[in-house]
Amino acid sequence: MVVVRILFLSLLIVLASAIYRGCGQPSGRDWGDYDVLNSPPERASRPVYRDTIPESVHRQMISLGEQWFRAETFGNERVFTDIVGLMNGTVQVRKGNVVQNLSVLQVFLQALDALDGVRGNLFLGNGDAYTSDLVLSFPPNTFLSSTIPVPEKLHTGLDVEAGSPLPLGIVPVHVSSSEKSLPYVINPAKFSNIPQGIGPFAGREKFRLGVSCALCHYSLDVDWDGKPDLKSAKLSEPTEGSPYKPQHAWAIGNQDVHLGWIFALSANDIAGFENSGIPEQSRPSAAREWAQRILKTYKTNPDTIAKEVNRGLVMMPRGFADDTPDGLHNPLQFPSLFTHLNWPFNIDGVMLNASDRNNNVWTTGLDLTQLVALCNDRGGKTAKIIFWEEQGLYSALSAAEYADIVVSRSPAVMHNGSMRKKLVDDILGVSDGVPGLLDPEAMVLIKGVPGAIPDEIVDRPGNAHRLRSPGDFGDDGKQRGPLVGLLGTRVVTPPLYRTAYNLDDLEQRYGLSKDEFVTEAVSVMLDWVQPPPNRTALLSNARTRGLIEKGYEVFKSNGCADCHAGPILTDNRIVPREEIGTNIARTKATELLQALAPPYQPGSGKATVGGFAGFVSNIFGGKKPGYKTSTLRYLWGSAPYLHDGGVAVALKPEAGGERDDLIALLKRPDNDKMYGVAQILTRREAETETYLRANAALSLQALLLQDERAKVITANQQKIYPVPGSSRKVAITSLQIEGIGHEYWIDDTPGGEEISALVAFLLALDDEPGK
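One rule links them: number in our numbering = place in the sequence shown (from 1) + 90.
Written as structure tokens, this is what we have:
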């Protein structure tokens, strides 16, 4: 029997090697002598399904895609209001020996109302006030979980458009008449007539709060100088006098948003345990122990667990997000989303298809209840196929245990204990046949995702109309396999939109799937949008001196264009982590997904081999986890650099001198600069009146000069990053922010001829680099 197994394994290896060679490890598109400066990047063309859609439909899809990107929740308002209690928690205010609870919702609404300097008009237009950084004002001696100090001025990084009562990406959804009496739905009228009241709310309906993509990916501060450049990101509302158009806010990534604090201020202070963790722990076994500890004590000692969860959440650096909910700190800087000719998607390139990427965000990123699919009695079984890896968080939890932890401190259960079992059953899919709390009428179940949803739920008679196969989603859907619906579910067009936009006709005439209309519209919008232009005096002066053209020559002569090729400056390949040398935590967290992701054609993003053959070819044919070659567009607005955001250098606020002369800036002495992510973040939080963030030019220089990078890496290793609610400090590297790797050096000194020219070129990579 042993001999048979050995022979079978040998056959698999031979087969995989043949498949891998047969795929030819295909090369990307050959761009020849493409000139980035003199050939403006081609714009996205109209999509082709069975036929090319007309221009009118294309424009409509762009507009609808933007609307849905900013406002569509697919029902996650139940998650964020009933389960999480977004912006609906309490903090404790100490006044001598007296401790009083203060409503976070009150502080939140008062901060919004105060934007125009006039009290009492929040829901009456708010004086057309707007901001790129909503600041919450708390009394002195305010604490979270009774031990974690809350800043008196808490900078959330939330953007608020002119005339809007709520921030971008936080979406009000009106409740039904039967739910108006629920005490946890949002009723601003409670704060209308208190001291510093928000004014009239009469005649308006109570609502839940949902979350959309715009929360993390829109920003009204386009050039990152700490001031909003736009009053609104709506196409119909351009900002007079601004050098930027509304669409320039769409896909740049919110480099200011403080997600850790936003979610720590929620009512349910245990639900975020999967995005929290113990400081300085990085092994999956530590995440497993974290889950075991929570499971053991969440019923008997919930306050202690809540304090630890909140501590871990608040440690999340501003401008970062942890989208691997594995109980370990692994934050990433928010990426820009300029997707035209730029695939596969995500930092690690595990998503080949734009709609698969969208679905992964809507089901995994914006609905924590869907994560039951990862537990040890569901999809967690699949993790055992990479048996050589440590088992992590979900290996310690069954689906029912995970669901009960998540709902145990939820506003719905705290109001009515009988809701506990109902919510658990709903999350498990027992009550309606669809796991999670998203709108079941906007969900389908994907067959062939191993173990994600138990057969007894999938095969319920009521689910017959919901069953789909990967092959139903694109001409390479069968090859993409489980990635079509990682958790066994996929968001589809809600019924309301199917009738409102005559989708039967679009499907019949052009082959545009009714199921995919919403996600296709979002993808079309992201494909259409271009990086904002760099209007800074720094770049203008560098262009006048001819530095950009010289920098392009340096770029090519040093081999940068070999990987960062063509108009979008990427070869669309996944570079093995051993080769690129950057922090490995992200690839460790998604190792299983990378094993499941099929081989693909870099020139088109299409899968070439899928299913069992694709998996075997990955495992035995030489595929290694890695990171996708990033596009370089909008580098001027997206410092710090590398996927971990670890290469950061700032100019000290007190440093005087010229700031619009690139060469002079790059030659600044070390005592004018701050090296390291933690150094910048801690000073930024301590001196909130001073806008301090990584400087793009100085950080790019540190990316490319070996001596400058060494200073950044050394700074990142210093133990100066505070652990909230304690005197302890850790290195930012304990959060997997290192700034290592990508060791492709320019042989020059700070402010030297070659590095200055190259930095100028990189700063010019906007919508039209040659202009």
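Just so you know, even glycine gets a beta-carbon here, dropped at the ideal spot from N, CA and C.
task = Provide the residue(s) that pair with Arg373 in DSSP beta bridges, ordered along the chain.
result = Note: Arg373 sits in no beta bridge, so no partner.
request  = Just the C-alpha distance for Lys819 and Pro812, rounded to the nearest angstrom, thanks.
outcome  = Lys819 and Pro812: Cα-Cα distance of roughly 4 Å.
inquiry  = Can you look up Ile437 in the DSSP assignment and give me helix, strand or coil?
reply    = The three-state secondary structure of Ile437, taken from DSSP, is coil.
C-alpha gap between Val574 and Ile536, whole angstroms = One C-alpha to the other measures close to 8 Å.
Three-way DSSP call (helix, strand, coil) for Gln598 in this model = It is helical.
inquiry  = Report the start-end ranges of each beta strand (DSSP E) in the segment 470-551 that is 3 residues or longer and not cut off at the edges.
reply    = Whole beta strand (DSSP E) segments, 3+ residues: 533-536.
task = Give every residue of the same chain whose Cβ lies closer than 8 Å to the Cβ of Ser521, excluding the five residues on either side of it in the sequence, and list them in chain order.
result = Apart from sequence neighbours up to five positions away, the residues of its chain that approach Ser521 with a beta-carbon distance below 8 Å are Lys512, Asp515, ordered along the chain.
inquiry  = Considering only their Cβ atoms, is the gap separating Leu577 from Ala632 smaller than 9 Å?
reply    = No. Outside cutoff.
request  = Can you say whether Gln423 is buried or exposed, counting buried as having 16 or more other CB atoms within 10 angstroms of its CB?
outcome  = Flag for Gln423 reads buried.
message = With a threshold of 8 Å, are at least 3 pairs of Cβ atoms found where one atom belongs to the segment 839-858 and the other to the segment 629-648?
response = Taking 8 Å as the limit for Cβ pairs, the verdict is that the segment 629-648 does touch the segment 839-858.
inquiry  = In the DSSP output, what is Thr180 paired with across the bridge?
reply    = Ser193.
task = Look at the alpha carbon of Ser135 and the alpha carbon of Gln620, and state the distance between them as a whole number of angstroms.
result = Roughly 13 Å between the two C-alpha positions.
ask   = What number of angstroms, rounded off, separates the C-alpha of Leu215 from the C-alpha of Ala279?
value = Reading off the sequence shown, one finds Gly at residue 215, where the question assumed Leu. In a straight line, the C-alpha of Gly215 is about 16 Å away from that of Ala279.
request  = Could you check what DSSP says for Gly114 in three-state terms: helix, strand or coil?
outcome  = With a pLDDT of 44 at Gly114, under the threshold of 50, the modelled position of that residue is not reliable, and the figure given next carries that caveat. Gly114 falls in the coil class under three-state DSSP.
ask   = What is the residue span of the beta strand (DSSP E) that His264 lies within?
value = Counting along the chain, the beta strand (DSSP E) containing His264 begins and ends at 260-264.
ask   = If we ignore side chains and look at the alpha-carbon of each, how far apart do Tyr274 and Asp172 end up?
value = Distance between the alpha carbons of Tyr274 and Asp172: 7 Å.
inquiry  = For Pro293 and Ile822, what's the separation of their Cα atoms in angstroms?
reply    = Note that residue 293 corresponds to Gly in the displayed sequence, not to Pro. In this structure, the straight-line span from the alpha carbon of Gly293 to that of Ile822 is close to 49 Å.
request  = Output the distance between the C-alpha atoms of Ile810 and Gln769, rounded to the nearest integer angstrom.
outcome  = The straight-line gap from Cα to Cα measures roughly 7 Å.
ask   = Would you report the Cα separation of Ala697 and Ala554, rounded to the nearest angstrom?
value = The straight-line gap from Cα to Cα measures roughly 28 Å.
ask   = Candidates Thr453, Leu234, Glu606: which alpha carbon is nearest Val399's?
value = Minimum Cα distance to Val399 is reached at Leu234.
key: Whole-number beta carbon distance between Leu199 and Thr180, since they are thought to touch under 8 Å   = For a cut-off of 8 Å, the C-beta gap from Thr180 to Leu199 is around 14 Å, too long to register as a contact.
Under the three-state DSSP convention, the category Ala821 falls into = Shown here, Ala821 sits in a strand according to DSSP, grouped into three states.
inquiry  = According to DSSP, Arg298 sits in a beta bridge with which residue or residues?
reply    = DSSP output for Arg298 lists Val263 as bridge partner(s).
query = In the DSSP assignment, what residue or residues form a beta bridge with Gly716?
reply = For Gly716, which the question treats as bridged, DSSP gives the partners Pro666.
query = Of the residues Ala651, Lys801, Ala847, Gln196, which one's Cα is nearest the Cα of Arg119?
reply = That would be Ala651, whose Cα lies nearest to the Cα of Arg119.
request  = Can you have a look at Leu97 and say buried or exposed, based on whether 16 or more other CB atoms are within 10 angstroms of its CB?
outcome  = In this prediction, Leu97 has a pLDDT of 37, which is less than 50 and means its spatial position is unreliable; what the coordinates show is noted afterwards. Under this definition Leu97 is an exposed residue.
request  = Name the two residues that bound the continuous alpha helix (DSSP H) containing Val767.
outcome  = Val767: member of the alpha helix (DSSP H) spanning 767-776, first to last residue.
request  = Pull up the distance between the alpha-carbon of Arg209 and that of Gly402, whole angstroms please.
outcome  = The alpha-carbon atoms of Arg209 and Gly402 are separated by roughly 35 Å.
Reduced DSSP category for Ser135 - H, G, I as helix; E, B as strand; rest coil = DSSP places Ser135 in coil when its eight states are reduced to three.
message = Do Glu858 and Pro336 have their beta-carbon atoms positioned less than 9 Å apart in this structure?
response = No; because the gap between Cβ atoms is not below 9 Å, this pair is not in contact.
query = What is the DSSP secondary structure of Thr163, reduced to helix, strand or coil?
reply = Thr163 falls in the coil class under three-state DSSP.
request  = If I'm right that Thr680 touches Arg667 with Cβ under 8 Å, what's the distance once you round it to whole angstroms?
outcome  = Not confirmed; about 11 Å, so no contact.
key: Local conformation of Ser107 per DSSP, three classes   = Low confidence applies to Ser107: its pLDDT is 42, below 50, so where it sits in the model is not reliable, and the reading given next is rough at best. Reduced to three states, the DSSP call for Ser107 is helix.
message = Just verifying my parser: in three-state terms, what is the DSSP assignment at Gly842?
response = Residue state, collapsed to three classes: coil.
key: Closest by C-alpha distance to Val737, when choosing among Ala792, His264, His245, Val301   = Looking at the Cα atoms, Ala792 is the closest of the given residues.
message = Would you call the segment 447-454 in contact with the segment 366-384, where contact means no fewer than 3 C-beta pairs closer than 8 Å?
response = The segment 447-454 makes no contact with the segment 366-384; the number of CB pairs closer than 8 Å stays below 3.
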